[in-house]
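full-length UniProt numbering numbers the first residue of the sequence shown as 1 and each following residue consecutively. All residues carry an ideal CB built from backbone N, CA and C; glycine is no exception.
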Amino acid sequence: MYVEDLKTNEKWEVTVDKISNKDFPKIKKSGKFGFDWDKHKNEEVYKISILGTIEILGLMCVIDHPEPQYDCLEIKLIEINKDHQGKDKGLDRIGGNLLGFAALLSDQYGHEGFLALIVKSKRAALFHEKYGFQYIGSGGGVAGERMMSDTINSIKLAKEYTDKSISDETK
């Protein structure tokens, strides 16, 4: 996995790791994230960083839904460091790497790469156009668009961003 510096075209190897409790105060102090990540200390949260550095480029909170009526990995929150958002961002591929990692994680949990998320309406087009997520409707008190990535799309995400494959690809 790598991120690309948009000014120099340099590629930097990245790693996605489970966050530690020591990271939460650093996240808050940095001022580079809008969500209150302290609220998610007891949840499954991952960080992405350039290999060998301590700067957190992005964060993702996921929920495993093994129940038969869901059978997916939900991306509860995903956020990119403010320095790497928008048209003036420094590094590219941060969100894609997190989503590719989530696809692999979903497969490890037995969900064949299925991912679900609720995204703010203004971001829904990005998830659809850039990452291949499909709209599955809104309503039921949900604030935003419900979206999902099926096995076929998650195979593409995993290949593109992690250079790994999920188990269903061989079937």
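>> For Ser106 and Lys7, I'd like the C-alpha separation in whole angstroms.
In response: 33 Å
>> Less than 8 Å between the beta carbons of His145 and Ser138, yes or no?
In response: Reading the sequence as shown, one finds Glu at residue 145 and not His. Yes, Cβ-Cβ distance for Glu145 and Ser138 is below 8 Å.
> Excluding sequence positions up to five away, which residues of its chain have a Cβ less than 8 Å from the Cβ of Thr151?
Replying inline: Glu112, Gly113, Phe114, Ile166, Asp168
> Expressed to the nearest angstrom, what Euclidean distance is found between the alpha-carbon atoms of Cys72 and Tyr46?
Replying inline: 17 Å
> So what's Asp71 in DSSP terms, helix, strand or just coil?
Replying inline: coil
> Alpha carbon to alpha carbon, what distance is there between Met148 and Lys171?
Replying inline: In this predicted model, Lys171 has a pLDDT of only 46, less than 50, meaning its place in the structure is not dependable; the value taken from the coordinates is given anyway. Cα to Cα, the separation comes out at about 21 Å.
>> Run through the DSSP bridge pairs and tell me what Met1 is partnered with.
In response: The partner list for Met1 (beta bridge, DSSP) is empty, contrary to what the question assumes.
> Are the C-beta of Val45 and some C-beta of chain B separated by less than 8 Å?
Replying inline: Any reference to chain B falls outside this structure, which holds one protein chain only.
> Rounded to the nearest angstrom, how far is the Cβ of Gly100 from that of Glu160, given a contact under 8 Å?
Replying inline: 7 Å
> Where do the N-terminal and C-terminal ends of the alpha helix (DSSP H) with Gly95 fall, by residue?
Replying inline: 94–108
>> Given this structure, state the Cα-to-Cα distance separating Tyr131 from Leu57, to the nearest angstrom.
In response: 19 Å
> Going by C-alpha distance, which of Ile48, Asn21, Glu43, Lys122 is nearest Ile63?
Replying inline: Glu43
> What is the rounded straight-line gap between the Cα of Lys87 and the Cα of Glu13?
Replying inline: 22 Å
> Quick one, which of Lys18, His65, Pro68, Glu55 has its alpha-carbon nearest Ser30's?
Replying inline: Glu55
>> So, at 6 Å on beta carbons, what are the nonlocal neighbours of Glu79 in its own chain, with the 5 sequence-adjacent residues on each side left out?
In response: Phe33, Phe35, Leu59
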